[in-house]
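Asks:
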Amino acid sequence: MRYSSPATIACCGCVSSVNKSEEQINKEIEERKNNLTVDKRSLSSYTRTKISIYDDRPASVAIGSIGIVVMVIILRADVAFQAKLVRTIGSTMTAHTVVVFDNVAINVGNGYSTRTGKFTVPEEGIYVFHWTCMTHTNNVFRTELVVDGNIKVGNHAAANFPTDAHDTGSQMYTGRLTKNNQVWIRTFHTETYLRGHGWSAFSGYKL
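Listed below in structure tokens is the structure:
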């Protein structure tokens, strides 16, 4: 297949005027993709996306509605973590104590630390966080999500005696964060009894 007039193809930051077959165009695109200077090993993953660029010129002049399919590689670093509390915290925790979720199931980007209980933002973007806390009967466990010490949202779990053996509280937060911001869950006041064994958890990811 050949085109009746030159078309302008953009790929990997280069622009050139061509009048070639679709097979030749695809071959050039593959060659230019192979010449990318981005170090893919420094990224956790990348997404390959097809973008269709349609030509609105009359079909008698150009290729019309079939469009020009350009292969574009979008390199995107993934960030996500999922941590849970394995050990039950039965002792009293004073106000503003960091809740350390001590077991990590996934930690793409290595942002979450089981030593500090804090998530360090590896790159700027919009992030979503969720956390759930379970407490035992006749206890209240209140927590806050903070960014660099600034309170964003709170969470409340209250197991009322004698009707509730346990109670859970869940909350989420979405916000734009910059690199090296730190996010963590802390106690609101003096709190007692946070159930472990995976019943309490903290997770987050970059949109």
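Read left to right, the sequence shown gives residues 1 to 207 (full-length UniProt numbering).
The beta-carbon is built from N, C-alpha and C at its ideal position, and this holds for glycine as well.
1) Exposed or buried, which one is Tyr105 when buried takes at least 16 other CB atoms within 10 Å?
2) Three or more C-beta pairs under 8 Å: does that hold for the stretch 189-200 against the stretch 84-96?
3) In whole angstroms, what is the alpha-carbon distance linking Gly204 and Lys118?
4) Is the Cβ-Cβ distance between Val147 and Leu177 less than 8 Å?
5) The beta strand (DSSP E) spanning Lys206 covers which residue range?
6) Rounded to the nearest angstrom, what separates Leu207 and Pro162 at their Cα positions?
7) Assuming Asn155 contacts Thr143 under a Cβ cut-off of 8 Å, what Cβ separation, rounded to an integer in Å, is found between them?
8) Give, in chain order, every unbroken run of the beta strand (DSSP E) that is at least 3 residues long and sits entirely within the UniProt domain "C1q" (74-207).
9) Excluding the 5 residues flanking Thr88 on each side, which residues of the same chain have their C-beta closer than 6 Å to its C-beta?
10) According to the Cβ coordinates, are Thr137 and Gln182 closer than 8 Å?
11) If contacts are defined as beta-carbon pairs under 8 Å, then Lys84 and Asn103 qualify, I think. What distance do you get, rounded to the angstrom?
12) Nearest CA to the CA of Thr116: which residue from His130, Glu28, Trp184?
Replies: Per the coordinate set shown:
1) Translated into positions along the sequence shown, residue 105 becomes position 105. Correcting the residue identity first, residue 105 is Ala in this sequence and not Tyr. Counting Cβ neighbours within 10 Å, Ala105 comes out exposed, since fewer than 16 surround it.
2) yes
3) Within the sequence shown, numbered from 1, the residue matching residue 204 stands at position 204. Within the sequence shown, numbered from 1, the residue matching residue 118 stands at position 118. Their backbone Cα atoms lie some 11 Å apart in a straight line.
4) What you label residue 147 is simply residue 147 of the sequence shown in a count that begins at 1. What you label residue 177 is simply residue 177 of the sequence shown in a count that begins at 1. For Val147 and Leu177, yes; Cβs fall inside 8 Å.
5) By one-based count along the sequence shown, residue 206 stands at place 206. Its beta strand (DSSP E) spans residues 201-206.
6) Reading the sequence shown from its first residue, position 207 is the one you call residue 207. Reading the sequence shown from its first residue, position 162 is the one you call residue 162. Near 42 Å, if we compare the C-alpha coordinates of Pro162 and Leu207.
7) The count along the sequence shown starts at 1 and reaches residue 155 at position 155. The count along the sequence shown starts at 1 and reaches residue 143 at position 143. That pair is a contact at about 5 Å.
8) If one requires a minimum length of 3 residues, the beta strand (DSSP E) runs lying completely within the UniProt domain "C1q" (74-207) are 80-84, 89-93, 103-108, 118-120, 125-136, 139-147, 150-159, 166-177, 182-187, 191-194, 201-206, in chain order.
9) For the purposes of this step, residue 88 is identified with residue 88 of the sequence shown, where counting begins at 1. Here the set comprises Arg195, Gly196.
10) On the sequence shown, residue 137 is found 137 positions in, with the first residue counted as 1. On the sequence shown, residue 182 is found 182 positions in, with the first residue counted as 1. For Thr137 and Gln182, no; Cβs fall outside 8 Å.
11) Here residue 84 corresponds to residue number 84 of the sequence shown, with the count starting at 1. Here residue 103 corresponds to residue number 103 of the sequence shown, with the count starting at 1. Correct: roughly 5 Å between the Cβ atoms.
12) The count along the sequence shown starts at 1 and reaches residue 116 at position 116. That would be Trp184, whose Cα lies nearest to the Cα of Thr116.
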